[in-house]
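Colleague: If you're matching positions, the sequence shown starts at 20 in the working numbering and goes up one per residue. From the three backbone atoms N, C-alpha and C, an ideal C-beta is built for every residue, glycine too.
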Amino acid sequence: MKKTFYITTAIDYTSQKPHIGNNYEKVLADVMARFKRLDGFDVLYQTGTDEHGLKVKEKAKEAKIEPKDYVDKISKEMKNLLDLLNVSYDKFVRTIDPLHEKKVQEIFEYLYKKGDIYLDKYEGWYCVPCESFFLEKDLEEKKCPDCNREVTYGKEESYFFKLSKYENDLKEYINNNPDFIKPESKKREMINNFLTDGLQDLCVSRSSLDWGIKVSFDPKHVIYVWIDALSNYITFIGHDINGNHDIEYKKYWPANYHIIGKDIVKFHTIYWPILLMALDIPLPKTVYGHPWLTINGGKISKSVGNVIYVDELAKHFEIDQIRYYLIHEVPYQNDGTMNYEILIERINSDLVNTLGNLVSRTNAMIIKYFDGIVPESVNEIEIDRTLKEYAINLKETTSNLIDSCHIAESLDGIIELFRKCNKYIDENEPWVLAKDENQKERLGTILYNLIESIRIGAVLLQAYIPETSEKILNKINASNRSFESLKAFGNYAPGTVIKDATPLFNRINKEEKLKNL
Ligand code: ME8
């Protein structure tokens, strides 16, 4: 039996076409999903769209179409963008799915019957984009404390969810499970901002809205969009309120990772776990609130006019170049930035120079000095050992970094192997050894170590830039591409024939490219 691995991303609002920042998250989770598949896990990667709420209704009205037609269009666009980016999701879910809607209604009704949801009156400030109510005291300069936008005053009869009842259990869970909230700064923020002064009960219905899931026993109310959206993680794998769960739910829940952005950590580490506790469902293992991608250091925003869409970008760059940049530029804790100049420089330095040149140089030397037949590694000396040790440990180091959500750092660790290979070439000067027939064995050993290191790096790159990885493995004619083969150094078969020393990527002329962007 394979070990299971269930990973989810946030489901994007269908109020507008997803931008490169939204897509970044799906690529991030894709790397983890691909890595775990290659590492022998039975993976379920779920993503999708969050389609109810006032914002969608307003946008549809603006576009003079029905909400359903509007969300169909945006959801399709999102799926197309993920396909374009080679995101290997197993499930793409939509919250307008009737089965999901029914399950959300059942969850709501169950909690109502249990007494965890009750009817009351609400008076307060409402933020439309966040779909959230706030008390006067929680506003920041009369604006929404989450997004800093204008709020409107409202009064309505609403259902409330007893967050307070579970507050102590949640605190205890967070303390006992150090991996539950990542990064650590977010964990502290959640504890200090929400779990220190006591949680207020949450307003979980709206009576002024009709584009949502109706409360089954009181249909003038619709269910709060966050209850609807968060539940996707269990409804779509077949959770059943009466305990008759589908096999998929039994197999994959609790989720290993919820990958979400830094702005919605509260929903995933306060509301969601409490909802699960109220339903008596085990909690997900890790919620990672990743930092954001900015454009030239600024927030991606339609009003600023700096929005980048991946389908536009893909007219100018290869998909793996975009994937590489996105993964590499956003580190574990701090925001990363998208900037065309840095993008081109990054492609030229890492993909063209470090990686591409290494592969074509190594292949060219094997063709030139050994007629394309990969030689054997014979005697090992200190300088070989250093390179080999790094290569042998790389799978383990990468895996640990991935498990702790350091995806950019894990990618850089792989590129570091290629940097080490280039240094190894410079230090060993194979072209000098090639002039001396007595050094043939040494020359062969060096070239073997290079090819095997390239193979190891490329096998790992399957999780990050799959098309490029395949190209490299084809160029070096590697038959062994499994993670299993990374356990030892030497799984590349000597005697393999290499023919192709053409470049992997073409160097980008920065000035030319910038003019055309
Ligand atoms: O919040 N860089 O949807 P959403 C990186 N429907 N990530 C970014 C980003 C950026 N510049 N901008 C946004 C929602 N994101 C809810 C989620 S989940 C049950 C419901 C991320 O369309 C953001 O942090 O506003 C979130 O994780 C995702 O994109 C979708 O954002």
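At a threshold of 7 Å, does G257 count as lining the ligand ME8 (C-beta to nearest heavy atom)?
Modeller: For the purposes of this step, residue 257 is taken as residue 238 along the sequence shown, with counting starting at 1. Answer for G257: no, Cβ out of range of the ligand ME8.
Colleague: For Q65, write down the residues that DSSP places opposite it in a beta bridge.
Modeller: In the sequence shown, counting from the first residue as 1, residue 65 sits at position 46. BP columns for Q65 point to T27, K110.
Colleague: Which two residues bound the contiguous beta strand (DSSP E) that contains I385?
Modeller: Taking the first residue of the sequence shown as 1, we reach residue 385 at position 366. Where I385 is concerned, there is no enclosing beta strand (DSSP E), although the alpha helix (DSSP H) it sits in stretches over 377 to 389.
Colleague: Out of Y25, I289, L182, point me to the one whose CA is closest to N211's CA.
Modeller: For the purposes of this step, residue 211 is taken as residue 192 along the sequence shown, with counting starting at 1. Closest option to N211, Cα to Cα, is I289.
Colleague: Can you tell me whether A29 is buried or exposed, with buried defined as 16 or more other CB within 10 angstroms of its CB?
Modeller: For the purposes of this step, residue 29 is taken as the residue at position 10 of the sequence shown. Answer is buried; the Cβ neighbour count reaches 16.
Colleague: Going by other Cβ atoms of all chains shown within 10 Å of its Cβ, with 16 needed for buried, is N468 buried or exposed?
Modeller: What you label residue 468 is simply residue 449 of the sequence shown in a count that begins at 1. The residue in question, N468, is buried, as its Cβ has 16 or more Cβ neighbours within 10 Å.
Colleague: Within the chosen definition, does the region 429 to 445 reach the region 505 to 512 through at least 3 CB pairs nearer than 8 Å?
Modeller: Verdict: no, contact absent.
Colleague: If you pair each beta-carbon of the region 337 to 347 with each one of the region 103 to 111, do three or more pairs fall below 8 Å?
Modeller: yes
Colleague: Which first and last residues belong to the beta strand (DSSP E) in which H38 is found?
Modeller: Numbered from 1 along the sequence shown, position 19 holds the residue referred to as residue 38. That residue, H38, is in no beta strand (DSSP E); it is neither H nor E in DSSP.
Colleague: Can you tell me whether N275 sits near the ligand ME8, meaning its C-beta is under 7 Å from at least one heavy atom of the ligand?
Modeller: The sequence position of residue 275 within the sequence shown is 256, counting from 1. Not a single heavy atom of the ligand ME8 lies less than 7 Å from the C-beta of N275.
Colleague: Hey, out of C149, V516, M296, I319, whose CA is closest to Y129's CA?
Modeller: Locating residue 129 in the sequence shown gives position 110, where the first residue counts as 1. Of the listed residues, the one whose Cα sits closest to Y129 is M296.
Colleague: Count Cβ pairs between the region 38 to 55 and the region 198 to 205 that sit closer than 8 Å; are there 3 or more?
Modeller: Contact fails: fewer than three Cβ-Cβ distances are below 8 Å.
Colleague: With a threshold of 7 Å, establish whether the CB of D91 neighbours any heavy atom of the ligand ME8.
Modeller: In the sequence shown, the residue the question calls residue 91 occupies position 72. Checking the Cβ of D91 against the ligand ME8 gives no.
Colleague: Does any heavy atom of the ligand ME8 sit closer than 7 Å to the C-beta of D49?
Modeller: The sequence position of residue 49 within the sequence shown is 30, counting from 1. No, since every heavy atom of the ligand ME8 falls outside the 7 Å radius drawn around the Cβ of D49.
Colleague: In the structure shown, what three-state DSSP assignment does G317 receive?
Modeller: Start at 1 with the first residue of the sequence shown, and residue 317 comes out as number 298. G317: strand per DSSP, three-state reduction.
Colleague: For the beta strand (DSSP E) holding M357, just list the boundary residues, first then last.
Modeller: The residue labelled residue 357 in the question sits at position 338 within the sequence shown. Where M357 is concerned, the enclosing beta strand (DSSP E) stretches over 355 to 357.
Colleague: Would you give the residue range spanned by the beta strand (DSSP E) that W144 belongs to?
Modeller: The residue you call residue 144 lines up with position 125 of the sequence shown. Counting along the chain, the beta strand (DSSP E) containing W144 begins and ends at 136 to 146.
Colleague: Note the first and the last residue of the continuous beta strand (DSSP E) segment covering I279.
Modeller: If you number the sequence shown from 1, residue 279 lands on position 260. That run of the beta strand (DSSP E) goes 276 to 280.
Colleague: Measuring CA to CA, which of A497, K161, W230, H264 is closest to T114?
Modeller: In the sequence shown, counting from the first residue as 1, residue 114 sits at position 95. Considering only alpha carbons, the answer is W230.
Colleague: Measuring only from the beta carbon, is W311 closer than 7 Å to any heavy atom that is part of the ligand ME8?
Modeller: Translated into positions along the sequence shown, residue 311 becomes position 292. Yes, Cβ of W311 sits closer than 7 Å to a heavy atom of the ligand ME8.
Colleague: N516 and T464: beta carbons closer than 8 Å?
Modeller: Within the sequence shown, numbered from 1, the residue matching residue 516 stands at position 497. Within the sequence shown, numbered from 1, the residue matching residue 464 stands at position 445. Per the sequence shown, the amino acid found at residue 516 is Val instead of Asn. Not closer than 8 Å, so no.
Colleague: Looking only at its chain, what residues have a beta carbon closer than 6 Å to the beta carbon of N353, apart from the 5 residues adjacent to it on each side?
Modeller: Here residue 353 refers to the residue found at position 334 of the sequence shown. So the qualifying residues of the chain are P310.
Colleague: When you compare only the Cα positions, how much space is there between K132 and S177?
Modeller: Position 113 of the sequence shown, counting from 1, holds the residue named residue 132. Position 158 of the sequence shown, counting from 1, holds the residue named residue 177. Computed Cα separation, rounded: 16 Å.
Colleague: Using CA atoms only, rank isn't needed, just tell me which of G317, I470, K321 is closest to L377.
Modeller: Working through the sequence shown from its first residue, we reach residue 377 at position 358. Cα-wise, what sits closest to L377 is I470.
Colleague: When you compare the CB positions of N275 and T305, do they come within less than 8 Å of one another, or not?
Modeller: Your numbering for residue 275 matches position 256 in the sequence shown. Your numbering for residue 305 matches position 286 in the sequence shown. Closer than 8 Å, so yes.
Colleague: Kindly indicate which three-state DSSP category V306 falls into: helix, strand or coil?
Modeller: For the purposes of this step, residue 306 is taken as the residue at position 287 of the sequence shown. Looking at V306 - three-state DSSP - the assignment turns out to be strand.
Colleague: Buried or exposed for V50, going by 16 or more other Cβ atoms inside 10 Å?
Modeller: Taking the sequence shown and counting its residues from 1, the one referred to as residue 50 is at position 31. Buried, since its Cβ has 16 or more Cβ neighbours within 10 Å.
Colleague: Buried or exposed: where does D58 fall if 16 or more other Cβ atoms within 10 Å of its Cβ makes it buried?
Modeller: In the sequence shown, the residue the question calls residue 58 occupies position 39. The residue is buried, with at least 16 neighbouring Cβ atoms inside 10 Å.
Colleague: G59 by DSSP, collapsed to three states: which one?
Modeller: In the sequence shown, the residue the question calls residue 59 occupies position 40. Look at G59 here: in three-state DSSP terms it is coil, with no helix or strand label.
Colleague: May I have the straight-line CA-CA distance separating D88 from A520, to the nearest angstrom?
Modeller: Sequence index remark: in the sequence shown, residue 88 carries index 69 (1-based). Sequence index remark: in the sequence shown, residue 520 carries index 501 (1-based). Their backbone Cα atoms lie some 51 Å apart in a straight line.
Colleague: Per DSSP, which residues does R225 bridge with? Please list them.
Modeller: Position 206 of the sequence shown, counting from 1, holds the residue named residue 225. Beta-bridge partners assigned by DSSP to R225: V241.
Colleague: Over the uninterrupted alpha helix (DSSP H) stretch that includes Y328, give me the two end residues.
Modeller: Residue 328 sits at position 309 when you count from the first residue of the sequence shown. Taken as a continuous stretch (DSSP letters only), Y328 belongs to no alpha helix (DSSP H), as it is neither H nor E.
Colleague: By the DSSP assignment, the alpha helix (DSSP H) with S94 in it spans what residues?
Modeller: Locating residue 94 in the sequence shown gives position 75, counting from the first residue. Per DSSP, S94 belongs to the alpha helix (DSSP H) from 86 to 103.
Colleague: Using CA coordinates, which residue listed in L413, I402, L436, S418 is at the minimum distance from T373?
Modeller: As a working note, residue 373 is residue 354 in the sequence shown. Among L413, I402, L436, S418, the Cα nearest to that of T373 belongs to L436.
Colleague: With respect to the beta strand (DSSP E) encompassing T171, which residues constitute its N-terminal and C-terminal limits?
Modeller: In the sequence shown, counting from the first residue as 1, residue 171 sits at position 152. Start and end: 171 to 180.
Colleague: Is the distance from the Cβ of I136 to the Cβ of L298 below 8 Å?
Modeller: Start at 1 with the first residue of the sequence shown, and residue 136 comes out as number 117. Start at 1 with the first residue of the sequence shown, and residue 298 comes out as number 279. Taking 8 Å as the Cβ cut-off, I136 and L298 do not qualify as a contacting pair.
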